[in-house]
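Novice: Residue 181 in the working numbering sits at position 151 of the sequence shown; the count goes up by one each step and never skips.
Even for Gly, the Cβ is constructed at its ideal location relative to N, Cα and C.
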Amino acid sequence: MLNRVVVRAPWAWPLVRGPMTRFFDRAAPGWDQRTSAGSAEHLAPLGAALLHVKPAPERALEVGTGTGAGALLLAREFPQASVRGVDVSEEMVGAAKAKVGLDPEGRVAFRVADAADLPYEDDSFDLVAHLNMPPFAAEVARVLRPGGHAIVASSWGAATPFYTPNRTLDWTFAKHGIDPLSTGEAGDGTFWIGRKPLS
Ligand SMILES: C[S@@+](CC[C@H](N)C(=O)[O-])C[C@H]1O[C@@H](n2cnc3c(N)ncnc32)[C@H](O)[C@@H]1O
């Protein structure tokens with residue numbers, strides 16, 4: 031139900047933001063142990079999707095980063111990129127920050143932010159990724175540079191609680207000018223990739 035609200039009726043999101051945030055605040059302690067976040071299985075579809083992202087991004091964002099496993103994968107795969115991870119749950123962001131500690135170069139950073147109202151300028155990123163998180167396509171399109179890629183990956187395919195079907199992703203991103211580029215499977219997971227046209 032929550033997934034449908036985000037993708038089909040994002041205007042209704044403010045009504046569920048409070049309960050959803052509290053739910054994930056409560057879920058944050060022990061999240062990695064319970065969900066195997068950060069394991070090869072969890073990250074497989076995001077990792078497979080990243081192989082399609084060329085050229086390598088300079089600035090990458092993971093939305094709904096939870097405890098940060100996806101953002102840290104982006105940082106490992108694209109060592110030259112500056113990586114940001116955002117989540118609406120302060121507890122999740124606290125757990126993600128604990129993984130990077132004090133990063134003197136500030137290459138990887140996490141902050142509390144709502145995907146429906148991202149605290150970044152237009153055209154800020156050349157990659158916006160989601161792992162087990164429904165996309166707010168309008169905001170993705172706004173912060174994505176022309177030529178940039180959008181990824182929606184689901185660790186357990188259609189069995190993922192926050193899974194969005196490919197045809198729904200095609201539809202919601204097309205409304206905001208992002209073209210479907212590729213889809214695929216990896217392990218038990220699936221991914222969808224779109225690209226913002228260059229002009
Ligand atoms: C199913 S969890 C996935 C977390 C992580 N990506 C993973 O795979 O382990 C969904 C995450 O999205 C966050 N989230 C949900 N709605 C959000 C929103 N509107 N803006 C930012 N984060 C959101 C939740 O707080 C939660 O941490």
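Tell whether a beta-carbon distance below 8 Å holds between H179 and V37.
Specialist: As a first step, residue 179 must be located in the sequence shown, where it is residue number 149. As a first step, residue 37 must be located in the sequence shown, where it is residue number 7. Taking 8 Å as the Cβ cut-off, H179 and V37 do not qualify as a contacting pair.
Novice: State the Cα-Cα distance for the pair F203 and G77, rounded to the nearest angstrom.
Specialist: Taking the sequence shown and counting its residues from 1, one reaches residue 203 at position 173. Taking the sequence shown and counting its residues from 1, one reaches residue 77 at position 47. Here the alpha carbon of F203 sits roughly 21 Å from the alpha carbon of G77.
Novice: Using DSSP's beta-bridge definition, name the partner residues of T206.
Specialist: As a working note, residue 206 is residue 176 in the sequence shown. Sequence check: residue 206 is His here, not Thr. In the DSSP output, where bridge partners are listed per residue, H206 has none listed.
Novice: What is the DSSP secondary structure of R56, counted as helix, strand or coil?
Specialist: Position 26 of the sequence shown, counted from the start, is the residue given in the question as residue 56. DSSP places R56 in helix when its eight states are reduced to three.
Novice: Pull up the DSSP beta-bridge partners for H72, would you.
Specialist: Taking the first residue of the sequence shown as 1, we reach residue 72 at position 42. Answer by DSSP bridge pairing: none, since H72 is not bridged.
Novice: Touch check for the segment 174-188 and the segment 110-130: three-plus C-beta pairs under 8 Å?
Specialist: no
Novice: Cα-Cα, which of A70, G115, A57 and D144 is closest to A168?
Specialist: The sequence position of residue 168 within the sequence shown is 138, counting from 1. Answer by Cα proximity: D144.
Novice: Tell me the DSSP secondary structure of W222 in three-state form.
Specialist: The count along the sequence shown starts at 1 and reaches residue 222 at position 192. Three-state DSSP puts W222 in a strand.
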